[in-house]
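For the sequence shown, the residue numbers in this note's numbering are 7 to 384.
A virtual CB, placed ideally from N, CA and C, is assigned to each residue, including glycine.
Keep in mind that this is a model prediction, so the values were computed, not measured.
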Amino acid sequence: MKILLCPDSFKGSLSSHKVCNAIKRGFLRCTHKVEIVEKPVADGGEGTIEALYYGLGGRLVKTEITGPLWEKVNAQYLILDDQKTAIIEMAQAAGLTLVPIQKRNPRYTTTFGVGELVNNAVKNGCKKVILAIGGSATNDGGMGALAALGVKFYDENQKLLPGMGENLLKVQTIDTEGAEKAMNEVEILIASDVKNSLFGPEGAASVYAPQKGANEEDVFFLDKGLMHFSKVIREKTGKEVDSIPGSGAAGGIGAGFCGFFNAQITSGIQLIMELLNFEEEIATSDLIISGEGKIDRQTLYGKLISGIYELCQKHNKPLILLAGKVEEEAYSIYGDKVLALFSIVNGPINEDEAFLKAEYLVENTSYNIAKLIFHNFS
Ligand SMILES: Nc1ncnc2c1ncn2[C@@H]1O[C@H](COP(=O)(O)OP(=O)(O)O)[C@@H](O)[C@H]1O
Ligand SMILES: O=C(O)[C@@H](CO)OP(=O)(O)O
């Protein structure tokens, strides 16, 4: 029997890799007569590099770059074995978790470090960059990243503007003369975790800026800024970036890249599943176990598990889901769709305790699942 383990991370408590290990331990406590394949996954946000490094190998490059608050941070990206493809996780340079709660304000955070990572990869010989976006602290339309790659933005007085949400509305002229020439030979594939448009009620600022610390006034200001920014990009390049699905992901960084470089936005989940050869793994497995921190109404809509679920349906394979929390609505929504749905907690414990015991609880639930599967009823 082949069992495929492909959980997302349990945000706040366990990386997807740790969830895999704990499930495996649970099964091995029960039986060794089973082939277990571990494929930790991620949706393009935090944890993407870790999951892809585990699945694809390659070389991790560590470097110091500019963080979202303009301070220095350590980050890493992955160069695949072809030596030409780099995988960059935006959250490493501009992630929300890099900003303490009291300092969160997407008017002042920057994606400058994302541009530095791209530059570093290109200087290391990469011709293709897969940029996984999401989990960001920024709303700068990619202005910071573009600035790090040599694009200059000026206000009406010809004053050079640092790339951040606060300055989007001030951009009057754009100078691409100094842009890195090597970028002309680079293909950028932007793996986006969501499909939002750049501005408006479904845009980057309205939907995601509040979780980054913006108040109502900030949201209004940033939304106007992104609209203006796309207008000046259109005037400069002739490109309409605001209507591209996913241009509103991660504070609009995809829009900026599509405006000035050879970039395309695609679904992060689909891309990661293709890179990790998921369809074949699922088609050749007897049972698939996945999960995430919380299974709720949104789980099957656009999130990573929805992709896994669709492939399980296609190949008629049973899927078991594990989660720290299973919202009540989830049982009625998914109950008939998946083979089983388990919360790992073993009693009315609080979240701190659940996080602390998470590894043990995943292992224990998996042990019990294994006992059920391998019990001989005859
Ligand atoms: N070990 C755990 N036990 C109980 N609840 C958990 C655990 N880990 C994560 N969670 C819950 O899951 C939430 C995160 O949901 P998750 O599905 O992992 O991420 P996302 O926000 O991307 O959907 C956390 O805020 C927490 O409520
Ligand atoms: O970074 C962001 O703006 C959002 C959407 O891309 O990501 P997440 O909701 O995963 O933090």
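Top-ranked residue by Cα proximity to residue 9, from 324, 244, 127: 324
Proximity to residue 147 [Cα-Cα], best of 184, 134, 204, 225: 204
The stretch 102-120 touching the stretch 74-82, judged by at least three CB pairs closer than 8 Å: yes
heavy atom of ligand 1 below 7 Å from residue 124 C-beta: no
Continuous beta strand (DSSP E) stretch holding residue 65: start and end: 65-72
Residue 81: CB within 7 Å of a non-hydrogen atom of ligand 2: no
Residue 95 CB to nearest heavy atom of ligand 1 below 7 Å: no
Residue closest to residue 240, alpha-carbon to alpha-carbon, out of 226, 261, 350, 357: 261
8 Å CB neighbourhood of residue 313 in its chain, flanking five on each side removed: 275, 276, 279, 284
Exposure label - residue 93; buried when at least 16 CB within 10 Å: buried
Length at least 4, wholly inside the stretch 215-295: the alpha helix (DSSP H) runs in chain order: 222-243, 259-266, 274-281, 284-289
Residue 36 beta carbon less than 8 Å from that of residue 366: no
Closer than 7 Å: residue 102 CB and nearest ligand 2 heavy atom: yes
Own chain, CB closer than 7 Å to residue 167, minus 5 neighbours either side, in chain order: 159, 160, 161, 173, 176, 177
Residue range of the alpha helix (DSSP H) that includes residue 43: Taken as a continuous stretch (DSSP letters only), residue 43 belongs to no alpha helix (DSSP H), being part of the beta strand (DSSP E) at 41-44.
Unbroken alpha helix (DSSP H) run spanning residue 16, endpoints: Segment: none, residue 16 is in no alpha helix (DSSP H) and carries neither H nor E.
Any C-beta of chain D under 8 Å from that of residue 84: As a matter of chain content, chain D is missing from the structure shown, which is built from one protein chain.
Beta-bridge partners of residue 80, as assigned by DSSP: 70
Identity of the residue in 114, 67, 149 nearest residue 129 by Cα: 67
Close beta carbons around residue 40, own chain, < 7 Å, minus the five adjacent residues each side: 7, 9, 33
Where residue 237 falls, given that 16 or more other Cβ within 10 Å makes a residue buried: exposed
Sequence ranges, alpha helix (DSSP H) only - wholly within the stretch 131-195, length at least 4: 149-154
Cross-strand partners of residue 9 (DSSP beta bridge): 42, 293
N-terminal and C-terminal residue of the beta strand (DSSP E) that residue 348 is part of: 346-349
Within 8 Å, strictly: CB atoms of residue 199 and residue 269: no
Cβ shell of residue 344 (< 6 Å), same chain only, five flanking positions each side left out: 325, 327
DSSP beta-bridge partners of residue 332: 301
Segment contact, 8 Å Cβ cut-off, at least three pairs: the stretch 292-304 with the stretch 8-27: yes
CA-to-CA distance, residue 46 to residue 230, given in whole angstroms: 39 Å
Per DSSP, cross-strand counterpart(s) of residue 92: 85, 135
Through-space distance from residue 380 to residue 217, alpha-carbon basis: 45 Å
Whether residue 331 touches residue 299 by CB criterion (8 Å): yes
Heavy atoms of ligand 1 versus C-beta positions, residues under 5 Å: 16, 17, 18, 19, 298, 299, 300, 330, 331, 360, 364
Local conformation of residue 204 per DSSP, three classes: coil
Inter-residue Cα distance where the pair is residue 140 and residue 378: 38 Å
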